[in-house]
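S.K.: Residue numbers (our numbering), protein chains in the order written: chain B, 18 to 144; chain V, 70 to 232; chain D, 132 to 540.
Even for Gly, the Cβ is constructed at its ideal location relative to N, Cα and C.
Starting off with a structure, shown below.
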Amino acid sequence: MSARRRLIDARLHLLDRQVLDVDGEPVTTVDDLEIVGVDGDAAPGEPAHVAAVLTGPVLVTRLLGGDPPPSRWLRVPWSQVGHVGITLDLTVRGDSLDLDWVERWVRDHVIGRIPGGAHDPEEDVDS
Amino acid sequence: MTGGGRARRCGAALIASLLTLTLCGCVASRQQPGQAGAAVESALELASSAVETTTLTVTLLDDDRLTSAVADTAIADQIGELADASAALTTLVPPDDDSASARADGLDAVAQATAAVVAARAFVARDAGAELSDAGEVPADASAAVDLLDTASEAIDALLGQG
Amino acid sequence: MKKLLGLALGILTAIGGFVDIGDLVTNAVVGSRFGLSLVWVVAVGVVGICLFAEMSGRVAAVSGRATFEIIRERLGPRAAGANLAASFAINLLTLTAEIGGIALALHLASSIEPRLWIPVAALAVWLVLWRVKFSIMENVVGLLGLLLIGFAVALFLLGPDWGELAAQVARPSLPEGEHAASYWFYAVALFGAAMTPYEVFFFSSGAVEERWTRKDLSQNRLNVLTGFPLGGLLSVAIAGCAAVVLMPRGIEVSSLSQIVLPVAQAGGTLLMAVVIVGIVAATFGAALETALSSGYTLAQYFGWSWGKFRRTVRAARFHLSMIVALLLGVGILMTSVDPIAVTEMSVVFSAVALPLTYVPILVVANDPEYMGDHVNGRVANGLGSVYLVIVLLAAVAAIPLMIATGAGS
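Listed below in structure tokens is the structure:
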């Protein structure tokens, strides 16, 4: 990975972008960002960095205002973000992430129970 | 965010006023004479359309251009329309004598039309092979059914011509 | 040879896929009450849908992203969220109308009550969404929908006075007994029926499903620019049949059975059968498209994995949202509401929701970050701006006209 530095506007290039996992599968959109100061909470004027990508109930508070408690956040630690372009590409598989639990729940309890779900729609076709 | 809050309140007010306007349009238990006349006229036009549709259907069936299933569905749909026309008239509250008599005449015409359309449907059923006794005065053939429908249509047209 | 077949298939499916229950009902009602004096609206609508389908296909082919994904990135979560809510509601209404249309058409073909067909139709739609490959689905339904050409055949067989019909088209006038307000109400409804909002989302997501690239751009343009106008001609044929057979008798269309009577008069039971199959196919196809649009818009807003090209277990929430949408539609229909009434409402509200879906696509098609050097040229932008004004006018006028005319009565 290049050590060249890029200037990214967090609002333009990070927020509301699609997050893809290492296989290119969609994970979520960036609903919010966790910004942390050098030691502890961020304060205006102090240096800060992005600690994590957030999703889940933070979307509602972002639209309407307010602050959800940290325990309700679904986070992807910034260390797992590999590349920032039109999309945010992770270095890990989506399945291994905590925040995938909704998809997994729906898959296990609803979609997976309906017969025929695992069939690959692309397999029996001339290419 | 207060901006968002204000926008939401405006939106809610807009929706409320739209709803109120719509409801005011729908609710009118007592009309002006002109409005009552218009309501009778529109019910009669609906009935006329239903009778004409039935006439066309019976004619096409007689020409073997329609299956009995489609003919039956078409006529059944028109019976529903006639019920709507009748309901529109019965829920009217005529504000004066002229409107009251126009409404009464309208109800008679719609009833006659309904009888003709129901008879036409019975004809279609028997034509398709159903065993129906003659007690219900099922028309013997297509032209008998059409005659009934034409008479009903003329009655409606006469009222529409007057109004 | 194979390329030629592919080309033909694209155009044919565009023609067959153009008409849905909204076009069918609205054109028939308009034909029976106003003759052909509203055909100009169909023309305006066809040009508009060509413009926006070409744009949304181009956006997907060049950027590899579907429209709604870009809407949220470009316009922010609030605007996109409002857009999502409105689009989902209109989509649901349209989906309900389409399933109702399938049930009505099947009722015509059999003697079985529409209420019994409703769950069957929804189940069939779901099965296709669950198992059938995207391109097969599109091709089969599109080709069968071509059978609606029976309406054009019927119009010819009826032997109308072509001069008089042409005069109605060229010099629109108000038939006696109709008010100007009703005329404009039906103009808006016809516009909403032609420029269906879900088309933008379905078209661009479909382009991603079928993995379009820049090489497919010219095929996309060809399909859209030949297929949709020909589909528009089919709509006009439907109006024409109603104008020639129903209008002189003072018959006002309010049920599907009335819409096919002119076909029976022209070509008997055989042509009628052909047309009924065409109606089932067209409404079935439109039901598939609206259901998919519901799934696409939700999944693309929230960033879920989506697409029929994925195994269903890899796109669980996408498929769940489509199942929920279908269940909601069936629920609404089982209250015995008249599907024709739902259809008439859905086209009016489609007109109201049009700006929400078309402004974003215009914005994105002009964004060089996504489009590279395939951004809108001057022609596309010029036309796009004109249509923005038309779309806004229609959206603003729709509800007042609906109230003023009592929904056209």
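Who does histidine 100 of chain B pair with in a DSSP beta bridge?
M.R.: DSSP, once it has assigned bridges, lists B:Asp106 as partnering histidine 100 of chain B.
S.K.: Bridge partners of threonine 400 of chain D, per DSSP?
M.R.: Its beta-bridge partners do not exist; DSSP assigns none.
S.K.: Among residues of its own chain, excluding the 5 on either side of leucine 105 of chain B, which ones have a beta-carbon nearer than 8 Å to its beta-carbon?
M.R.: Only Leu31, Arg34, Gln35, Val36, Leu37, Val47, Val70 and Val98 meet the Cβ criterion.
S.K.: Contact between the segment 403-422 of chain D and the segment 142-149 of chain V is defined here as three or more beta-carbon pairs at a separation below 8 Å; is this criterion met?
M.R.: Contact between the segment 403-422 of chain D and the segment 142-149 of chain V is absent, because fewer than three Cβ pairs lie under 8 Å.
S.K.: Does threonine 72 of chain B come out as helix, strand or coil in the three-state DSSP assignment?
M.R.: Strand.
S.K.: Going along the chain, which residues of the segment 146-161 of chain V sit with their C-beta nearer than 7 Å to a C-beta in chain D?
M.R.: Here the close residues are Asp146 and Glu150.
S.K.: Tell me the DSSP bridge mates of alanine 65 of chain B?
M.R.: Beta-bridge pairing links alanine 65 of chain B to B:Gly54.
S.K.: Could you give the C-beta distance for valine 39 of chain B and arginine 110 of chain B, rounded to a whole number, given that I count them as a contact under 8 Å?
M.R.: Contact flag correct, Cβ pair sits at about 6 Å.
S.K.: Can you tell me whether leucine 143 of chain D is helix, strand or coil according to DSSP?
M.R.: Helix at leucine 143 of chain D.
S.K.: For a minimum of 4 consecutive residues, which ranges assigned as the alpha helix (DSSP H) are wholly contained in the segment 156-218 of chain V?
M.R.: You should have 166-196.
S.K.: Check whether the Cβ atoms of alanine 324 of chain D and aspartate 154 of chain D sit closer than 8 Å, and answer yes or no.
M.R.: The answer is yes: Cβ separation under 8 Å.
S.K.: Distance check for proline 491 of chain D and alanine 404 of chain D, CA to CA, integer angstroms please.
M.R.: About 42 Å.
S.K.: Tell me the residue span of the alpha helix (DSSP H) that contains leucine 24 of chain B.
M.R.: Premise fails: leucine 24 of chain B is in no alpha helix (DSSP H) and is neither H nor E.
S.K.: Examine chain V for any beta-carbon lying closer than 8 Å to the beta-carbon of arginine 380 of chain D, and answer yes or no.
M.R.: So yes, arginine 380 of chain D belongs to the interface.
S.K.: I'd like the list of long-range same chain contacts for alanine 214 of chain V, defined as Cβ closer than 7 Å, with 5 residues on each side in sequence excluded.
M.R.: Taken in chain order, the residues that qualify are Val127, Ala188, Ala189, Phe192 and Pro208.
S.K.: Does the beta carbon of glycine 399 of chain D sit closer than 8 Å to a beta carbon anywhere in chain V?
M.R.: Output row for glycine 399 of chain D: interface = yes.
S.K.: Return the CA-CA distance between isoleucine 230 of chain D and threonine 414 of chain D, expressed in angstroms with no decimal places.
M.R.: Their Cα atoms are separated by approximately 7 Å.
S.K.: Alpha carbons only, please: which of D:Tyr501, D:Gln299, D:Arg246 and D:Ser388 is nearest the one belonging to serine 467 of chain D?
M.R.: Considering only alpha carbons, the answer is D:Arg246.
S.K.: Which residues of chain D have a Cβ atom closer than 7 Å to the Cβ of aspartate 137 of chain B, listed in chain order?
M.R.: Near aspartate 137 of chain B (Cβ distances below 7 Å), the residues of chain D are Arg442.
S.K.: Of the residues D:Ala184, D:Val259 and D:Leu239, which one's Cα is nearest the Cα of phenylalanine 149 of chain D?
M.R.: Cα-wise, what sits closest to phenylalanine 149 of chain D is D:Ala184.
S.K.: Roughly how many angstroms separate the alpha carbons of alanine 234 of chain D and tryptophan 248 of chain D, rounded to a whole number?
M.R.: So the alpha carbons of these two residues sit roughly 5 Å apart.
S.K.: Expressed to the nearest angstrom, what Euclidean distance is found between the alpha-carbon atoms of leucine 423 of chain D and proline 328 of chain D?
M.R.: Each residue's alpha carbon lies about 13 Å from the other.
S.K.: Buried or exposed for leucine 520 of chain D, please, with buried defined as at least 16 other CB atoms from any protein chain shown within 10 angstroms of its CB.
M.R.: The identity of residue 520 of chain D in the sequence shown is valine, whereas the question assumes leucine. Classification of valine 520 of chain D: exposed, given that the 10 Å Cβ count is below 16.
S.K.: What do you get for valine 122 of chain B, buried or exposed, if any count of 16 or more other CB atoms within 10 angstroms of its CB means buried?
M.R.: Note that residue 122 of chain B corresponds to tryptophan in the displayed sequence, not to valine. Flag for tryptophan 122 of chain B reads exposed.
S.K.: Quick one: using the 10 Å Cβ neighbour count with 16 as the cut-off for buried, is lysine 346 of chain D buried or exposed?
M.R.: Answer is exposed; the Cβ neighbour count stays below 16.
S.K.: Contact criterion: CB-CB distance below 8 Å. Does isoleucine 52 of chain B meet it with respect to chain D?
M.R.: So, not an interface residue.
S.K.: Looking at the strands, I want to know which residues DSSP matches up with valine 271 of chain D.
M.R.: None; valine 271 of chain D has no bridge partner.
S.K.: Quick one: any contact between the segment 352-365 of chain D and the segment 134-151 of chain D, if contact means 3 or more CB pairs under 8 Å?
M.R.: Yes, the segment 352-365 of chain D touches the segment 134-151 of chain D.
S.K.: Under 7 Å between beta-carbons, which chain D residues line up against threonine 183 of chain V? List them in chain order, please.
M.R.: Going along chain D, no residue has its Cβ under 7 Å from threonine 183 of chain V, so there is no contact; the nearest lies around 16 Å.
S.K.: Select from the segment 497-520 of chain D all residues with a C-beta closer than 8 Å to any C-beta belonging to chain V, and list them in chain order.
M.R.: Cβ contacts with chain V come from no residue of the segment 497-520 of chain D.
S.K.: Hey, would you say asparagine 351 of chain D sits closer than 8 Å to glycine 188 of chain D, going by beta carbons?
M.R.: Yes. Within cutoff.
S.K.: Please list the residues of the segment 221-252 of chain D that have a C-beta atom closer than 8 Å to any C-beta atom in chain V, keeping them in chain order.
M.R.: Those would be His238, Leu239, Ala240, Ser241 and Ser242, in chain order.
S.K.: Consider the Cβ of arginine 124 of chain B: report whether some Cβ of chain D lies at a distance smaller than 8 Å.
M.R.: Yes - at least one Cβ of chain D is within 8 Å of the one on arginine 124 of chain B.
S.K.: Give the DSSP bridge partners of threonine 344 of chain D, in chain order.
M.R.: None; threonine 344 of chain D has no bridge partner.
S.K.: List the whole-angstrom C-beta distance separating valine 355 of chain D from cysteine 181 of chain D, where the pair is believed to meet the contact cut-off of C-beta under 8 Å.
M.R.: Contact flag correct, Cβ pair sits at about 5 Å.
S.K.: Mind checking whether leucine 140 of chain D and asparagine 270 of chain D have CB atoms under 8 Å apart?
M.R.: Cβ atoms of leucine 140 of chain D and asparagine 270 of chain D: closer than 8 Å.
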